Structures are given as C-alpha cells and as structure tokens.
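Enquirer:
Numbering (the UniProt record's numbering), first residue to last: 1 to 1239.
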C-alpha cells in the first residue's frame, strides 16, 4: 500500500477546499505516474518484517527489453542513494548492505544483521533505456519482541499488602517493543477486563513502552490470590508474564475472657489463671492482657485446629487484686483501635495492719483521745481495745469502703487519773480481726514536766571573719520529757545542729559557718518540751568582717560602654556591701608598654547598707587614644582587715575611624589574562559599615569589567587591558572614614590600532606609511617596519607611532609589515601595500599552461596577472575577439588581491576543430599590455606534481607540500605513496589538497615519498622520483640530514662513473638514430607516391581492436593488477588510415561514454591507474567538467568562492574513492595517516 501526503502532491488546504477538480486531476496524474513506473517491473519489492539480527532481501527486477537497463540502484530508508554498483557488498553500513543480481535487469538489496536503524522505506530505482527512470518502494518493518515485563512500583513475584475494600492500582510496564503488544490481566487464572487502562510512549528508535494499569478493591476473600500480567505479541509469537500476590489486611473478631477453673471464692495467695481468645484477622492480631493500663508479660499461642489465638496469664492473688480489673486487648495493623474485653476479680484477705492516732504526751490529770483504724480488708474487720494489759468495753465502730476493700474505725478516751500510772506512761493496744486473720498495734502515752532555762557557750570572742567556722553549744537541764533544743539566726531556724542527752540534761552543738548576713545578727537557742506553752530562750549578737562579693566598673556619663578617641572619659568603680569600707585602686594592662602604674582615683560615694555594711564608689578620669582600644582596666578593692582583695576588669572599647594598615597608594602590576587578589587590611572601631569603591573616580558596585570588589578585597580574573586604572576604596564606620588607592596596571602585548590603507603611487612619488600601536608597558622603538623579512628605517613619533617614508619604485612595490613588540606575548603584525603603477605581467602558473575538454564538453582556460592599477581582460581565439556570455564562451574575472587578478574562460560544446586552436588571454591597463596563449587539447593524463618538499617534522609526524601541474582537463586528486626504509609495506594516501600531514610514524626513521596526480576521468600521471624525509629523533635531530652527510662523499663516485658511461652511449645512439631516420624517410616517400597514384589521396576510416594503455598507466601499473585478462586491459580505438600508410588515432577520451556505446566501449578500462599488491581497488567514475558559472566580475578578491560541480543531470556521476575493506567514508579530508584511499 502506498501512502501519500497532500503536501508532497503540491496541494494546500485552500486548493483542496476551493477547487476539488484540482485535487482529482493531481491524484489521477499521480496514479498514472505510479502505474507507469511499476508496469515495467517484472518483480517489485515487497514489504518485509523481521526481528533485529536477521537478514532480508528486497527483490527487484525489471521486465526484459531489447535494450539493457542502463543504471540501477537502491535508495535507503534515510533517503540516501546506495549508488550504482555491481554485485557484492556495498560501502558503508558496516558492510551489511550488498547488491545481488544475476542479470542486468535485476538488482536485489540484501541486508544482514538488521537493526532498528534499518526500519523504513526503501526504493528500487532503474533507468530504462526507452521508458526512462522507473521506481518501486517497499517497507522494512523491524519487529522488537518484548523481552521484559515488570510492575512499575512492585518487584516481580512480590506480595502487595492492601487494606480490605481499598482501591489498588497496579501498573504493568512493557519496555522497548515494536509493534505494541496485547496486555492481559488475570487473578488466580481469571481474566480481569474491568478498570483496565493502557497507554504507550514512543521512543526515538521507533519502539514503544506500553503502560497498562489495573484498578481493584480486594476483599478478605481475595487474600493470597495471584495477580498476573501477561504480554502477548502476535507478530513475533511472544508471550511473557509477571506475577504478584495480594495480602489483604482485615481486623480480628471480638475477644472472649474467662478465669480458668471458675473458682467460687478467691483468697489472697491463690494462684489465679485468666485466658483471652480471638479468631480471624490479617495479619494475625496481637493479644495481650492489661492491668491498670500496663501490658502484662504474657504470650499468645495459635491453635492451628480452631485458628484461635489465645493469651493465658497466671498470677498470685493479693489484696490489691480485690475489685481489680484486667483487660484483654486484641489488635492488628488493620483493626484501628484495639478490641477490648474487661474481667473484674473479688479477693478475700485479712487486714495487713492497724493505725493508732492520738496524743503521746499529756500533763498529769488530763485525758487523751485515741483513734484506731484498720487497713483495708475483705470482709470488714472487728476492732477490740486493751489498756495496760486489760480489756475494756469496745465502743461502736464505723466502716468505710475503699478501692480494694473495707476500712474499720473506732475511738476511745483515756484519763490519766482513772488509771494506775507507772514510769509516767500508759500502754494502749488496738486489735482488728476478720475470718481470714487479724492485726494489732500498741500506743504509749507519756506524762510530761518543764525543763530549766538554756545556756549558750562558745561565743566569748565576738570578732569573726566571713567564712570562719564557730562551734556553739546550748544546754538545758531537767524536764519530762527532756527539752528539745533549736537554734535561730534572727527569726530563721538553723538546721544541722547535733542534739544529745546526757543524764537529766539536753545538749545541742552547732557548727556555724560565719557569713556577711550574720553581721550584727542575733543568734538564739530555744528549749521546748510538751510541758511548756512558750519556749525558754538564750541569745547572743555577732560582728562579721567581709570583703565585697564583686566590684563593678562602668562609664560615668552613660550606660554606653564605648569611648571616643581623644575625648576625656571617666570610669566609675563600685563595691557593694563590705565591712569595713573598701579602699579602691586602679591599674591599666596595656600590651603596648605594659603600664602597671597604680591610680587612686576620687571617692564619690561611701554609704552604709541595711545589713550594716558599706557601699563605696571611686571615679577615674583619663583621655583614651587608639592604643587604649582593647586595654584591660583593673579595679582593686582591699582592706587590712580582710584576708584577700577583690578586683574586676573592664575592657576599653575605644571608638575610632577606619585606618588602613598598608601604605597608600598600592600598586598592582598584572599581565593581561592573569588573575589577582589584593586584601587591604582595615582597622577601625566599630567595624566598617560601608565600603565604597571607585574606578578612576566613578563609583561601581561589586563588579566592573573583570574586577570584583568585596569589602576590603579587590580581585580580578583573566584581566583585560580595559581593567587597568586607579581604584579607590572608601571605608566608613560610625566615627569617620578613610581612603586608599590601588593603581592597577594590566600589561598586554602590543597591538596594531591603526595602519595605512594600501597606497597606489606612480614611480618617483613619495609615500608615507603610518602605523600606530598600543601596549602595556609602552617601550621606545617598539614599532618597526619590515619588507620580505628585512627591517626598514622609519621615523618614530613617540613609542606608539611609526612613519615609513618611501620613494615609489617598482622594486619598492609590494607588501609591508608593521610589527609592534613591547616584550609581552607575541608581537602584533599589520600589513599594507605599496602598489606602484605598472603594466600587466602574466604570472607563470604551471597548471594554467594549457586547457583540455572532452568533445561536447567544457574546457576551462585561466590566466593570472600582476598589474597596478585594475587590469582589463580580453580573450581572443585565432586573433578573433571572444565575446562574453555567448552560447560558446563565458568569462569570469576575479581580483585575488590588490595587485593580482585572474580571468577564467569557459569553452562549451567542444568540437574537434577546437583542438587545433589556441586561445589568448590579453591583460591591459593604462600602463601596458601582456598576454598568454593557451592551447586547447583533448583530455589527457595529468602532469606529475613537482617541488615535493617537507614543511615540518616531529618525533612521529611529517608534513609535506607540493605544487600541481596541468590536471589533464578534469579535477585532480593527489596520491602520495610512502614507505619506511628497509620495509616492504607501502602506504597510499589520497587528498585534494596540496599539503598533507602524516601522523603515527616511527621516531627517528627515514621514509621514501612519491606523489602522482589522478584526475576525475581516471587518468594518472607518473610517479615522481622518490624523495627521502625523516622524523626527528629524541634529541630533535633530523635523521635524513645526518645520513645525507655520511653518504655525500661515497655518492659522488658512482655518479661520475654513470655520467661517463652515459655520454658514450648517447653518442652511439645518436649515430644509429640518424641512419634509421634516413631509411624511414626514403621508405615513406615511396609509399606515398604509390598510394596516391592508386587511390587518389582519399582517407578511409577503419576499426582496429587491440591493447593499448594510457600514457599515465605504466607497464608496472598494469602488471600489478591481479587476475585480469588481456581483454580487460584492451581499449577499442578508432583509427584513420590514409593512403600513405599513416594511422591517425581518434582517442576515445575525446567523447562521452554514451557516444561510443555502438562500439561496446567500456569506460572502466580507463578507470584506476594501478592495482598493486595492496588490498585496494580504486574506481574513478567518468565525470564531465562542471558547468561554467554565470558571468560576473568579482571586484573584491576576498569574495572569490570556488564554483561547485553541476551534477543535476542524471548522466553525471560523483566520483567515489572506495576502500573495499573500510567502505565509503564521506566528509572533508583530514590530514591524517590513512592505510587506503581517501573518500
């Protein structure tokens, strides 16, 4: 099936909409074209499909016809033509493309190891001798079977966890397939067709990545099911799958609880076992017992028969378990809140103890109320009383229900005068009893009496220092009970005293650490017992000496601690609460002079504090300088009564404006392209708040040119000359500002800023050439004038301008070079011309000496002229003026430079008569005329190049150059042959240039070089004589020069001998040649007379067949061709035979190949000048000369462009140089070593 786009038919939307008849007519024309093209095919190519790596063959054959197919070729899927070739592997495409043919009417295209790049449309093209070009197309479809299928977010054969009834989206990806396959979904083998979506993404290599998604909401019944993604590609019969398993999450059932054994009564100490059971749930739930919201240490077990998870917990019941609640909780990751079931217990237990509350001390004759309360029990306890060993009636008791049981309570009143009292005490006992046990407790009541007044010892010396430890003792005698002693400082009780009883007295010893708060404070001792309503007191007063805890320094004027430079300042040093009053002194610690002089200052305050201490302030006055900034000021408080002094320090913060620590100005000299970084150290207090940069007085922000400013740092990267200048930094803070200058000088190589334009002058005129240059640094005489490498005297105006004064003559005419060198980098050069008026002079150019062209073709004659001023070209043929732009001739004139001109004459439709003519190029201006006669000849072999020289050599490279000669009438390339000395391996390299650089050569080795020219018609010149060049050795010495010196002497002897023998042979040959010439002349005269008499002088054309070879093909060249018969070397030649016996050959090269078809003329007999032993078969196609350009005169010689070959005609074929081992290499020719022919 053929697919066409309306754009290719030349249709637009407007055409098809406005006039449908136009569309119909064009479609009918297209159909007729296709039908006419395909009806001549015996076998048209068919569309093919295959997978990468296979081989295919497009078959194409035309119908048999009387005339054979002239040309046939294939067009690839990229649109490129594969060329006209015989059967075999085609160049390029990694050798995978080849032509297969059995006869001239067929041309099959075979492609091996196909890949995705081969996918597309191919076209078979044939040139039918009668019907013209015919074409047929076919498509190659590369099938890429699926190699991999995977889930986009899950691993293959993985398990997908999903909550019950939650939507799940699974995407299946099939990468890099062609065409798109069918994707099917299965769940446990059942096809899933709902909620399936499919999309694809194309790739640049024509493959696709297919994405198919499945959306499901699995329930608990879907747990464990397998989801399968299956990919089916029918075209390649490929089927692959990938699987995943569903893990559906759902909650468990409600738990059930029980007490194992179902006991009727639980008692404290019993072993109790409780159990909780649940069923179901995924994942399996965790089942735990909780008590008071804390998880208990127990484990779950799974009954595989009933699928029940049970947690059993055992414990020993205690009284705390009475009315206690145990809770079973079952939970998994999908159940949300845990499922709960409580279990409440009831435990019987006796009271653990009883509690007695009441007075422990009473005066004789008074009574005491006692309360007895049992601890919780179950059931409730009964309370009984025993006083001094005897039971008494039990009053009515009360019962209270608490958290874990029942509490019983009873009250009783005891009178001291109703009982017999022994040892001033009464014993009361309470007993609590229930069916599970009992508990009892006793209470002792004492009869009390007051003690005597206390007495303090240890404070006889009333003067103490802060920090001293004083041991003070208080004694109180008698009393029942004995007195309790307490210490007080003021109204605050002092703890830590050591109390003891000895006999009938109480003692209290206090280790008192004295501090400043005790100064003038009252220390008292109080004695109390139950018999006293008010305590008995003894007191003493303390006197304490102490220094101030801290000393403070502050500025006197304000709270701001900053001081201004050179402005009077005052510092105040104050002490808080000392006894006696402090004596203050000052000291400065300066790093400059280490001044430790003591300053007294002036006392401004001395007052008494509320704790009877003294506050003192002292003022110090001074004038700060910059050196004072950071100085430490010490204030020292001291007194003879103190054990140590107290001091503090105060750093001076002296405010002063910024100050540069480097000398102004700073000079920085850099080379152009270098980088620098200059850090200017600035000192100021406070820190600089504003940095301002200027270049040459103009402010800039951070960056100017390639210079960057950041704070006090100025840096530059890859500087340019324009970055030079004076940079000024202004640093400002709250106090003031300062400036510093950086002079940046950027050194750069000299450059030409102005040079005189080319000057045209007459002989004898005075000419001034001026040259101006700039550079940093600028040096005297850095500008000089040169001609042909020689320095010329000039007049220097300063260091940046030079004037060259010349007297115009023909010898002075030419190019002048102005060089500027200031010692930095590479000197700069500028060129100008002095053009002295002169008559035209034709320049001798070897390749312009003659011109050639085929019959019916085109020849190109050129001449190059030197002249001043502009030259005018005229062409003549047989002294007849040639008109421009006629059907026979075209002329193009070009200015190459200021004094060189070139004219090209295109001679079209060459006839045999042109070969007997000569064209003349005449150049003239107002000062004279010159001319050049150029013969027109048939196409010949190109002349061998000359002046093959080595332009450069390194350790492993050699650069050569040469000059071309006449090209034989068509474009020429140059073939360079070289080999290493003492090595039989010969290398051949082709190029269209006149120079070549060979790399990869051996170090310190000699090479033999030869060169020849091969033109587009396949004719070749002879090789030049071998020339020896060499690479350098490790020391940089040319090996060939060393060897030449060694062989120079020994080489002269054979040359002299050969020369002598050659002279003798030349004399002998000359004698023989003279004799033979006379004999032949006489024979020709007789023959001519005889044939003229018989035939009347007519000339007849005959055909002769034999072997001949072109002049450029030497005997060695032909002999080097392997496996070729004599017929393959033969060329049929048309000859004119005249009656006088002379044979006049008409060369086949004078005609196009189509003109000799009736003689079965084969142009390939002339293609390729040699086939050596090396694996190379070079074919040069028969290429006519390009069409001449439209006549135009290029006044600007720089605009000259090389004209392109006109190969639009189907009979023209581009030359292709082929290496059978490497294929076709397209693109420009690089100077590199090539083991083969250059494409």
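A virtual CB, placed ideally from N, CA and C, is assigned to each residue, including glycine. Predicted model only: the values in this text are computed from it and were never measured.
(1) Which stretch, first to last residue, makes up the beta strand (DSSP E) that contains residue 871?
(2) Please indicate yes or no: does the CB of residue 1009 lie closer than 7 Å to some heavy atom of the ligand ADP?
(3) Classify residue 880 as buried or exposed, calling it buried when 16 or more other Cβ atoms lie within 10 Å of its own Cβ.
(4) Determine the burial state of residue 105: buried for a count of at least 16 other Cβ atoms within 10 Å of its Cβ, exposed for fewer.
(5) Which full runs of the beta strand (DSSP E) of 3+ residues lie inside the stretch 316–361, going along the chain?
(6) Taking residue 57 as the reference, give the member of 749, 118, 633, 713 with the closest Cα.
(7) By DSSP's criteria, residue 487 is part of a beta bridge. Which residues make up the other side?
(8) Can you give the Cα-Cα distance for residue 546 and residue 479, rounded to whole angstroms?
(9) Quick one: what does DSSP say residue 1071 is sitting in, helix, strand or coil?
(10) For residue 508, is the classification buried or exposed, using 16 other Cβ atoms within 10 angstroms of its Cβ as the cut-off for buried?
(11) Within the continuous beta strand (DSSP E) that includes residue 114, where are the two ends?
(12) What's the call for residue 199, buried or exposed, on a 16-neighbour Cβ count within 10 Å?
(13) Using the beta-carbon count (16 or more within 10 Å), is residue 1075 buried or exposed?
(14) Measure the alpha-carbon distance for residue 149 versus residue 120 and round it to whole angstroms.
(15) Considering only residues of the UniProt domain "Ig-like" (146–241), which uninterrupted beta strand (DSSP E) runs meet the minimum length of 3 residues and lie entirely inside it, listed in chain order?
(16) Could you check what DSSP says for residue 608 in three-state terms: helix, strand or coil?
(17) Do you know how far the Cα of residue 866 is from the Cα of residue 900?
(18) Which value, in whole angstroms, describes the spacing of the CA atoms of residue 426 and residue 287?
(19) Can you tell me the Cβ-Cβ gap for residue 639 and residue 580, rounded? I've got them flagged as a contact below 8 Å.
(20) What's the gap between the Cα of residue 597 and the Cα of residue 702?
(21) Could you tell me the alpha carbon to alpha carbon distance between residue 319 and residue 289, rounded to whole angstroms?
(22) Can you check whether the CB of residue 49 is closer than 8 Å to the CB of residue 180?
(23) Assuming the contact rule is C-beta atoms closer than 8 Å, residue 525 and residue 454 should be a hit. Round their C-beta distance to whole Å, please.
(24) First and last residue of the beta strand (DSSP E) that includes residue 642?
(25) Taking 8 Å as the cut-off, decide whether the C-beta atoms of residue 271 and residue 223 are in contact.
(26) Report yes or no: do three or more beta-carbon pairs, one from the stretch 535–542 and one from the stretch 507–522, lie closer than 8 Å?
(27) Have a look at 1068, 876, 622, 1065 and flag the residue whose alpha-carbon is nearest the alpha-carbon of residue 919.
(28) For residue 966 versus residue 943, is the C-beta distance shorter than 8 Å?
(29) Return the Cβ separation of residue 682 and residue 731 in integer angstroms, given the expectation that the two are a contact with Cβ distance under 8 Å.
(30) Nearest to residue 616 by alpha carbon, out of 629, 634, 299, 584?
(31) Helix, strand or coil, according to DSSP, for residue 516 in the structure here?
(32) Tell me residue 826's beta-bridge partners as DSSP assigns them.
(33) Could you check what DSSP says for residue 291 in three-state terms: helix, strand or coil?
(34) Give the straight-line distance between the Cα atoms of residue 511 and residue 494, rounded to the nearest whole angstrom.
(35) Taking buried to mean at least 16 other C-beta atoms within 10 Å of its own C-beta, is residue 342 buried or exposed?
(36) Measure the Cβ-Cβ separation of residue 725 and residue 696 and say whether it is below 8 Å.
Expert: The answer reads as follows:
(1) No beta strand (DSSP E) holds residue 871; DSSP gives it neither H nor E.
(2) This structure lacks the ligand ADP, and indeed carries no ligand of any kind.
(3) Classification of residue 880: exposed, given that the 10 Å Cβ count is below 16.
(4) buried
(5) 325–331, 339–344, 354–358
(6) 118
(7) As a beta-bridge residue in DSSP terms, residue 487 pairs with 494, 525.
(8) 42 Å
(9) helix
(10) The residue is buried, with at least 16 neighbouring Cβ atoms inside 10 Å.
(11) Careful: residue 114 lies outside any beta strand (DSSP E) and carries neither H nor E.
(12) Per the 10 Å Cβ criterion, exposed.
(13) exposed
(14) 27 Å
(15) 158–163, 168–177, 182–187, 190–192, 196–202, 208–216, 226–233
(16) strand
(17) If you take the alpha carbons of residue 900 and residue 866, they lie about 5 Å apart.
(18) 60 Å
(19) 6 Å
(20) 49 Å
(21) 20 Å
(22) no
(23) 5 Å
(24) Run containing residue 642: none; DSSP gives neither H nor E here.
(25) no
(26) Between the stretch 535–542 and the stretch 507–522 there are three or more inter-stretch CB-CB distances shorter than 8 Å, so the stretches are counted as touching.
(27) Distance check between residue 919 and each of 1068, 876, 622, 1065 places 876 closest, using alpha-carbon atoms only.
(28) Yes, the Cβ-Cβ distance between residue 966 and residue 943 is below 8 Å.
(29) 5 Å
(30) Among 629, 634, 299, 584, the Cα nearest to that of residue 616 is on 584.
(31) helix
(32) Answer by DSSP bridge pairing: none, since residue 826 is not bridged.
(33) strand
(34) 10 Å
(35) Exposed, because fewer than 16 other Cβ atoms sit within 10 Å of the Cβ of residue 342.
(36) yes
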